[in-house]
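Here is the structure we will look at.
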Amino acid sequence: MSKVRLLVGTRKGAFVLSSDASRKSWKVDGPHFAGWEIYHLKGSPVNPDRIYASQSSGWFGQVLQRTDDGGKTWNAVGNQFVYDGEPGTHKWYDGSPHPWEFKRVWHLEPSLNDPDMVYAGVEDAALFASSDGGTSWSELAGLRTHKTASEWAPGAGGMCLHTMVIDPSQPDRMYVAISSAGTFRTDDAGQSWRPINNGLKSNYIPDPDAYVGHCVHRIAMHPSRPSTLFMQKHWDVMRTDDGGENWREISGNLPTDFGFVIDINANEPDTVYVVPITSDSHHFVPDGKLRVYRSRTGGDDWEALTKGLPQENCYVNVLRDAMTVDTLDPSGIYFGTSGGQVYASADGGDSWNAIVRDLPAVLSVEVQTLK
Amino acid sequence: MIQVVLPKNLQILAGVGRVVELEVSGEATQRSVLDALEASHPALLGTLRDAQTKKRRSMIRFFACEEDLSDESLDAPLPNEVATGKEPLLIIGAIAGG
Chain V
154 MSKVRLLVGT RKGAFVLSSD ASRKSWKVDG PHFAGWEIYH LKGSPVNPDR IYASQSSGWF
214 GQVLQRTDDG GKTWNAVGNQ FVYDGEPGTH KWYDGSPHPW EFKRVWHLEP SLNDPDMVYA
274 GVEDAALFAS SDGGTSWSEL AGLRTHKTAS EWAPGAGGMC LHTMVIDPSQ PDRMYVAISS
334 AGTFRTDDAG QSWRPINNGL KSNYIPDPDA YVGHCVHRIA MHPSRPSTLF MQKHWDVMRT
394 DDGGENWREI SGNLPTDFGF VIDINANEPD TVYVVPITSD SHHFVPDGKL RVYRSRTGGD
454 DWEALTKGLP QENCYVNVLR DAMTVDTLDP SGIYFGTSGG QVYASADGGD SWNAIVRDLP
514 AVLSVEVQTL K
Chain R
191 MIQVVLPKNL QILAGVGRVV ELEVSGEATQ RSVLDALEAS HPALLGTLRD AQTKKRRSMI
251 RFFACEEDLS DESLDAPLPN EVATGKEPLL IIGAIAGG
């Protein structure tokens, strides 16, 4: 019988939540790495018991952890992220040049076909790769040395490479998103990259349709349709059907199109989920109501999902890596909040339950569907 | 044996108790003690000082014998009480936050 395992990263440790396929009763294990910020955990699709975790701290810096037994035991692996060559500068908040400085790993993306291969998206924005299970890391410097890189600038959360998507039909094609530089694509396994931001319009930058400079918050792909990507930008929900060559807005009837997360139902490639957030100055849900919005039409037409979610006096945020979907049928949808709740839906979003209510602020949620 | 006291988060990371005892060859300095600490507990590499430059992380402090040694030279001799194991070298996460 299938099982699901949720990997939850929080401001003060990691938690592993597990259930059978009914997804009604959950076992909570943790905190792992208590006291540390866990920006992200993600398991290898090839060997789900191999899970990588980014552990960091303002005091003690970056640590990378790996388990090979599904989270029972962990070992620190390599934490040396050294930019290739002379790193140069990017723009600082005031427009002045600022040296590239490694701060932390925001996102880990294990290879689709090699359990020893894993990518790390870091702040200040760059992409690193390890081919030995995280023991050693080398930069895929073609991204950070792109001719536009000196013009990249940090968003409020830092200049972070926070999203990576690998095309399962052609693994040399990968996408990354950087706040606030935009979305980039490689077709040669990370050697060279180009911005793919045509169609994005951002009124908070001097040139709203600039080649780079957009604050992309998250992109998502359904594996059966890899040329279609959905994006939650700082403001605007967007879609491309040609691998990022052109984007169009699909915000439609959303109450606000600011937000962080976006994800796709595992069984329905046109069923998309977002959690609208009031605004960039009010990082909480609108009107005191926690609502997931679902589109069954690939965007434009959205319905509010509220059953089981607080509909008064709720002022939480849902961060960019904090939503995930399992591959059961019906697909399970999960998200974690800044208030420490992790909500689950076992019916594609029609109804929700809080698995846990009082964790530290949730930074990331990933699900593994286990056979 | 030189005694080093670690902050709680690093005790968990290294899988050790509050006090780590180290055999240090040659003169006891910050550099030689941290070299020995990282060699015996590799999980700590990069958490106290930059792995390449060896520069102390900005929010780490080194105290001993009621003195703040954080800004002393890496190669300055540690107090005799530390070198002889009578007093520990305290590694502290700087006070931050409210």
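Residue numbers (the numbering used here), protein chains in the order written: chain V, 154 to 524; chain R, 191 to 288.
Just so it is clear, CB atoms sit at the ideal spot from N, CA and C, and this is done for glycine as well.
Residue 270 of chain R: first and last residue of the uninterrupted alpha helix (DSSP H) it sits in: 270-273
Under 8 Å between C-beta atoms, does residue 211 of chain V make it to chain R? yes
Any residues in the region 236-252 of chain R with a beta carbon nearer than 8 Å to a beta carbon of chain V? Which ones, in chain order? Against chain V - using a Cβ distance shorter than 8 Å - the residues of the region 236-252 of chain R are 236, 237, 238, 241, 242, 247, 249, 250.
Whole angstroms is fine: what's the gap from residue 221 of chain V's alpha carbon to residue 288 of chain V's? 14 Å
Assuming residue 335 of chain V contacts residue 308 of chain V under a Cβ cut-off of 8 Å, what Cβ separation, rounded to an integer in Å, is found between them? With 8 Å as the limit, residue 335 of chain V and residue 308 of chain V do not qualify as a contact, their Cβ atoms being about 11 Å apart.
Just curious, the alpha helix (DSSP H) that residue 202 of chain R is in, first and last residue? Going by DSSP, residue 202 of chain R is part of the alpha helix (DSSP H) stretching over 198-204.
Measure from the C-beta of residue 283 of chain R to each C-beta in chain V and report whether the shortest distance is under 8 Å. yes
Only counting runs of 4 or more residues, tell me where the alpha helix (DSSP H) segments fall wholly within the region 226-286 of chain R, in order along the chain. Runs of alpha helix (DSSP H) with 4 or more residues, each lying fully within the region 226-286 of chain R, are found at 270-273, listed in chain order.
Give the list of continuous beta strand (DSSP E) stretches no shorter than 3 residues that lie fully inside the region 311-396 of chain V. 313-319, 327-332, 335-339, 369-374, 382-386, 390-393
Relative to the C-alpha of residue 256 of chain R, which residue among R:284, R:278, R:197, R:209 is closest? R:278
Spatial neighbours of residue 192 of chain V within its chain, please: CB distance less than 7 Å, with the 5 preceding and 5 following residues excluded, ordered by chain position. 162, 207, 209, 257, 258, 259, 516, 517
Using alpha carbons as the reference points, say which of V:470, V:417, V:481, V:502 lies closest to residue 459 of chain V. V:502
I want to verify the contact list: residues of chain R whose CB lies under 9 Å from the CB of residue 235 of chain V, in sequence order. By Cβ distance, chain R contributes 241, 242.
Residue 482 of chain V versus V:418, V:212, V:353, residue with shortest Cα-Cα distance: V:418
Please confirm if residue 233 of chain R has its CB atom under 8 Å from at least one CB of chain V. yes
Cβ of residue 286 of chain R within 8 Å of any chain V Cβ: yes
Is the CB-CB distance between residue 238 of chain R and residue 281 of chain R below 8 Å? yes
Tell me, to the nearest whole angstrom, how far the beta carbon of residue 355 of chain V is from that of residue 387 of chain V; I am working on the premise that it is less than 8 Å. 7 Å
Using a Cβ-Cβ distance cut-off of 8 Å, determine whether residue 187 of chain V contacts chain R. For residue 187 of chain V, the nearest beta carbon of chain R is closer than 8 Å to its own beta carbon.
Can you grab the Cα-Cα spacing for the pair residue 306 of chain V / residue 284 of chain R, in whole Å? 29 Å
Can the beta-carbon of residue 404 of chain V be found closer than 8 Å to that of residue 390 of chain V? Contact flag set, yes.
With a threshold of 8 Å on Cβ separation, who are the neighbours of residue 411 of chain V within its own chain once the five nearest residues in sequence on each side are excluded? 387, 388, 429, 430, 431, 432, 433
Interface residues of chain V around residue 203 of chain R at Cβ under 7 Å? 216, 229
Classify residue 495 of chain V as helix, strand or coil using the three-state DSSP reduction. In this structure, residue 495 of chain V counts as strand in the three-state DSSP scheme.
Indicate whether at least one CB of chain V lies closer than 8 Å to the CB of residue 200 of chain R. yes
Just reading off the alpha helix (DSSP H) that residue 309 of chain V is part of, what are its end residues? Segment: none, residue 309 of chain V is in no alpha helix (DSSP H) and carries neither H nor E.
Alpha-carbon to alpha-carbon, residue 228 of chain R and residue 231 of chain V: A direct Cα-to-Cα measurement between residue 231 of chain V and residue 228 of chain R gives close to 13 Å.
On a CA-only basis, which of R:269, R:214, R:246 is nearest residue 192 of chain R? Give me that one, please. R:214
Residue 509 of chain V (DSSP reduced to helix, strand or coil): In the structure shown, residue 509 of chain V falls within a strand segment according to DSSP collapsed to helix, strand and coil.
Does the beta-carbon of residue 427 of chain V have 16 or more other beta-carbons within 10 angstroms, so that it is buried, or is it exposed? Result: buried.
Let's test the definition: count the other Cβ atoms within 10 Å of the Cβ of residue 444 of chain V and tell me whether it reaches 16, buried, or not, exposed. buried
Helix, strand or coil, according to DSSP, for residue 224 of chain R in the structure here? helix
Per DSSP, what kind of secondary structure is residue 201 of chain V in: helix, strand or coil? Reduced to three states, the DSSP call for residue 201 of chain V is coil.
Quick check: what's the CA-CA separation for residue 495 of chain V versus residue 217 of chain R? 53 Å
Residue 195 of chain V vs residue 159 of chain V beta-carbon contact at 8 Å: no
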